[in-house]
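Engineer: Residue numbers (this note's numbering): 4 to 251.
Written out as structure tokens, the structure reads:
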């Protein structure tokens with residue numbers, strides 16, 4: 004009964020976001036969307052990128068994955084983003100995908116609402132994990148905070164589906180913001196490709212170097228902690244992630 008109520012709540016949330024009237028939004032100096040509006044004027048931003056990530060921890064030793072993503076922004080208000088990753092974990096390989104829809108800023112403040120679906124799979128172990136992640140985020144100058152409940156459904160080796168819920172959080176602080184270079188730190192227990200419990204979080208040092216208006220390079224050094232309950236630690240790890248971004 005409890006799980007059914009949670010599912011119903013998320014379907015209502017998703018329906019509400021998708022039911023917002025796109026035609027009422029303004030484009031470039033008061034132009035509104037009509038049936039004759041060119042699709043190019045609706046799409047106000049596009050981005051794509053590819054990353055390489057290498058991790059070392061005590062449990063899995065070396066884990067490596069490569070990923071790619073793409074995002075489209077509509078009328079400076081709606082964003083749809085998705086990605087796919089393949090990697091090696093221990094003696095197996097894993098598959099990760101995600102898709103996220105976001106609306107904002109809203110109410111004249113930098114407030115965003117988003118709903119993401121994340122899939123993680125280990126085919127060799129017949130393990131499949133599906134997660135719904137609704138988030139509320141707020142950004143102000145050098146600070147961005149995101150918070151929401153994660154709802155995960157996991158099936159392993161043909162066993163019954165296991166349901167888990169966890170609090171998902173992210174806090175990012177940009178301590179350097181220049182035309183060419185941005186640097187900051189992030190503490191979070193989720194990313195685009197993974198939604199973890201409260202005891203599996205990481206601290207990362209991030210940088211973004213812009214070559215020009217379109218091309219940029221991203222680097223991140225991550226310190227990982229994984230635990231099974233609350234903030235209890237099972238093992239630590241370190242990871243490097245780097246890649247390129249293009250926006251137009």
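Note that CB positions come from ideal geometry on N, CA and C, so glycine has one too.
Here the structure is a predicted model, which means the values were calculated and not measured.
Assign residue 152 to one of three DSSP states: helix, strand, or coil.
Structural biologist: Residue 152 falls in the strand class under three-state DSSP.
Engineer: Determine the direct distance from the alpha carbon of residue 162 to that of residue 251, and round the result to whole angstroms.
Structural biologist: Residue 251 and residue 162: Cα-Cα distance of roughly 46 Å.
Engineer: Identify every run of the beta strand (DSSP E) within the region 110-179, keeping only runs that are complete inside it and at least 3 residues long; order them along the chain.
Structural biologist: Those beta strand (DSSP E) runs which fall completely within the region 110-179 and span 3+ residues are 114-125, 130-143, 146-159.
Engineer: Consider the C-beta atom of residue 100 and the heavy atoms of the ligand MN; say whether any pair is separated by less than 8 Å.
Structural biologist: The model on display carries no ligand, and the ligand MN is accordingly not part of it.
Engineer: Can you tell which of 141, 148, 114, 165 has the C-alpha that lies nearest to the C-alpha of residue 154?
Structural biologist: Residue 165 is the option with its Cα nearest to residue 154.
Engineer: For residue 216, count neighbouring Cβ atoms within 10 angstroms of its own Cβ and tell me buried if that reaches 16, exposed if not.
Structural biologist: Burial call: exposed.
Engineer: Quick one: using the 10 Å Cβ neighbour count with 16 as the cut-off for buried, is residue 69 buried or exposed?
Structural biologist: Residue 69 is exposed by the Cβ-count criterion.
Engineer: Taking residue 176 and residue 206 to be in contact with their CB atoms under 8 Å, please state how far apart those CB atoms are, rounded to whole angstroms.
Structural biologist: Contact doesn't hold; Cβ gap of about 11 Å is too wide.
Engineer: Return the Cβ separation of residue 96 and residue 86 in integer angstroms, given the expectation that the two are a contact with Cβ distance under 8 Å.
Structural biologist: Incorrect: roughly 17 Å between the Cβ atoms, too far for contact.
Engineer: Distance check for residue 60 and residue 238, CA to CA, integer angstroms please.
Structural biologist: Each residue's alpha carbon lies about 7 Å from the other.
Engineer: So what's residue 70 in DSSP terms, helix, strand or just coil?
Structural biologist: The answer is strand: DSSP assigns residue 70 an E or B state.
Engineer: Please state the DSSP three-state secondary structure of residue 44.
Structural biologist: Correct three-state label for residue 44: helix.
Engineer: Judging by CA-CA distance, which residue of 109, 211, 226 is the nearest neighbour of residue 52?
Structural biologist: Minimum Cα distance to residue 52 is reached at 211.
Engineer: Between which two residues does the beta strand (DSSP E) harbouring residue 99 extend?
Structural biologist: 95-106 is the extent of the beta strand (DSSP E) around residue 99.
Engineer: Rounded to whole angstroms, what's the CA-CA distance from residue 54 to residue 186? Just pull it up for me.
Structural biologist: Those two C-alpha atoms are separated by around 18 Å.
Engineer: Tell me which residue opens and which closes the beta strand (DSSP E) that residue 220 is part of.
Structural biologist: First-last of the beta strand (DSSP E) with residue 220: 218-229.
Engineer: Below 8 Å on the Cβ atoms is my contact criterion, and I expect residue 104 with residue 114 to pass it. Report the Cβ-Cβ distance as a whole number of Å.
Structural biologist: So it is not a contact: roughly 16 Å between Cβ atoms.
Engineer: Could you name the residues that DSSP lists as bridge partners for residue 250?
Structural biologist: Answer is 50, bridged to residue 250.
Engineer: Distance check for residue 152 and residue 1, CA to CA, integer angstroms please.
Structural biologist: One cannot answer for residue 1 here, as it falls past the ends of the chain, which runs 4 to 251.
Engineer: What three-state label does DSSP hand residue 214 in the structure shown?
Structural biologist: If DSSP states are grouped into helix, strand and coil, residue 214 belongs with coil.
Engineer: DSSP state of residue 90, grouped into three classes?
Structural biologist: Looking at residue 90 - three-state DSSP - the assignment turns out to be strand.
Engineer: Figure out for me which residue from 223, 112, 229, 241 has the closest Cα to the Cα of residue 198.
Structural biologist: Of the candidates 223, 112, 229, 241, the one whose C-alpha sits nearest the C-alpha of residue 198 is 229.
Engineer: Based on Cα-Cα distance, which residue from 134, 57, 49 lies nearest to residue 196?
Structural biologist: Answer by Cα proximity: 134.
Engineer: Which residues in the same chain as residue 84 place their Cβ atom closer than 6 Å to its Cβ, once the five residues preceding and following it in sequence are excluded?
Structural biologist: Taken in chain order, the residues that qualify are 74, 103.
Engineer: Please classify residue 181: does DSSP put it in a helix, a strand, or coil?
Structural biologist: Note: residue 181 maps to coil in three-state DSSP.
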